[in-house]
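In full-length UniProt numbering, the protein residues as written are 1 to 412.
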Ligand SMILES: Cc1cc2nc3c(=O)[nH]c(=O)nc-3n(C[C@H](O)[C@H](O)[C@H](O)COP(=O)(O)OP(=O)(O)OC[C@H]3O[C@@H](n4cnc5c(N)ncnc54)[C@H](O)[C@@H]3O)c2cc1C
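1) I want to know whether the region 265-284 touches the region 235-246 - three or more CB-CB distances under 8 angstroms.
2) Alpha carbon to alpha carbon, how far is residue 283 from residue 319? Give it in angstroms, no decimals.
3) Could you tell me which uninterrupted alpha helix (DSSP H) segments, each at least 4 residues in length, are contained entirely in the region 179-260, listed from first to last along the chain?
4) From the DSSP output, read off the bridge partner residues of residue 172.
5) Between the region 204-213 and the region 169-183, are three or more C-beta pairs nearer than 8 angstroms?
6) Can you tell me which of the three DSSP states residue 372 falls into?
7) Within 10 Å of its beta-carbon, does residue 67 have 16 or more other beta-carbons around it, so buried, or fewer, so exposed?
8) Have a look at the DSSP bridge pairing and note the partners of residue 294.
9) According to DSSP, is residue 300 helix, strand or coil?
10) Excluding the 5 residues preceding and the 5 following residue 406 in the sequence, name in chain order all residues of the same chain whose CB lies nearer than 8 angstroms to its CB.
11) What's the gap between the Cα of residue 235 and the Cα of residue 163?
12) Report back the beta-carbon spacing between residue 108 and residue 31 to the nearest angstrom; my notes put them in contact at under 8 angstroms.
13) Taking the alpha helix (DSSP H) that residue 13 falls in, what are its first and last residues?
14) Does the separation of the CB atoms of residue 124 and residue 148 fall below 8 angstroms?
15) Looking only at its chain, what residues have a beta carbon closer than 6 angstroms to the beta carbon of residue 341, apart from the 5 residues adjacent to it on each side?
16) Any idea if residue 412 is buried or exposed, counting beta-carbon neighbours within 10 angstroms, 16 or more meaning buried?
17) Quickly, what does DSSP pair residue 86 with across the bridge? List them, please.
18) According to DSSP, residue 405 sits in a beta bridge with which residue or residues?
19) With which residues is residue 348 paired in a DSSP beta bridge?
20) At the level of alpha carbons, what is the spacing between residue 337 and residue 290?
21) Per DSSP, what kind of secondary structure is residue 334 in: helix, strand or coil?
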């Protein structure tokens, strides 16, 4: 039975980064990494951006060259899924029957794309966008499919809509709520992106529940039936309605959690010597007013990897990283910092009509987050305002010509 001083489950951003950091920070023990995917660790963000657009080949999105892992003494077990954990024995079992033991375990299982639960939700021609295999399946139908329905107006749905419309496809975007990005951004940003997509020919349908997927005799999707009875004819459906965190074996083994596995400020779960990091880790985040949240971003995956690794090597530092994120749609670069969840006021800097503006989110007058569209300077300078929770003068904040760093200086 193979034993690793540190065993990592998950070869996504968090798991791969943990392995890389263990070596960078001179961890001398054995390191193994088990991943359910057969691919070497790769970047996920391009999947709904340049990889889907055919502008980047797979090798260019690998997190490290294939020989890196062996060279660093990191043993990879690809295409293996962990199905059970025996925490008292410090051991786990995979679906293929292999058993491993560990000194420390880092669980970085991420999540699986949520699927439609309505009638027809398992028809052929429905796609998710989580893995390389998912996106290769979408790319394989591009030559035949002209009409795409995208269910979900979050970042992934919007990015897919941008790529597909750029490829000349007829795209209908269906969102259940009354605006896109409703869970993560304010109405100004939602309205801006809705207008942009419409200007690029995307048919944006808001406040539309999906009742069923219509399918032909071969169970191939032919349309999306909305709650009001409207049928949107389609050749393919992309479902971008979030993820279900991959925590099954941990929770079954008794770890506390629910929506994700609960971790403390060092990313430790309630199981002995078991850490959880990345999309699946529910942690108390000071940028969310201390609420327990899961943050789905590369930043969080990388920074939690560092937190877990530092604890393992004996130089612990509690997780306190400022959240940041980006999204590319058309020629727009959105950069966000902080979490807008707990804001009570918004200030817009600049005119959205110029396609360069920022939305600043405040709570009781203190800056908690920024969404910057084609305005990198605000993003870079606004970061300090979020980190410090700076209390700002609204008039100066609203003046797009006043650099945000001056607000830091004035209020700092
Ligand atoms: C299309 C797309 C676009 C995105 N765009 C952005 C962006 O622009 N900016 C940004 O910051 N973030 C973006 N994200 C989010 C970001 O990619 C995720 O937050 C990040 O990948 C999380 O890393 P993770 O390691 O926690 O999970 P994942 O990357 O999901 O990796 C989890 C890995 O664990 C494996 N695994 C799960 N369960 C088991 C098991 N039982 N046994 C073995 N292996 C298992 C999985 O197969 C997978 O390889 C995007 C995500 C997607 C899907």
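Note that beta-carbon positions come from the ideal geometry of N, C-alpha and C, so glycine has one too. Since the structure is predicted, the reported quantities are computational estimates derived from the model, not experimental observations.
To lay it out plainly:
1) yes
2) 9 angstroms
3) 187-199, 248-252
4) 149, 203
5) yes
6) strand
7) exposed
8) Beta-bridge pairing links residue 294 to no other residue.
9) helix
10) 396
11) 16 angstroms
12) So it is not a contact: roughly 13 angstroms between Cβ atoms.
13) 13-24
14) no
15) 288
16) Confidence in residue 412 is poor, its pLDDT being 46 and thus under 50, which makes the residue's placement too unreliable to answer from.
17) 91
18) Answer is none; residue 405 lacks a bridge partner.
19) 359
20) 16 angstroms
21) strand
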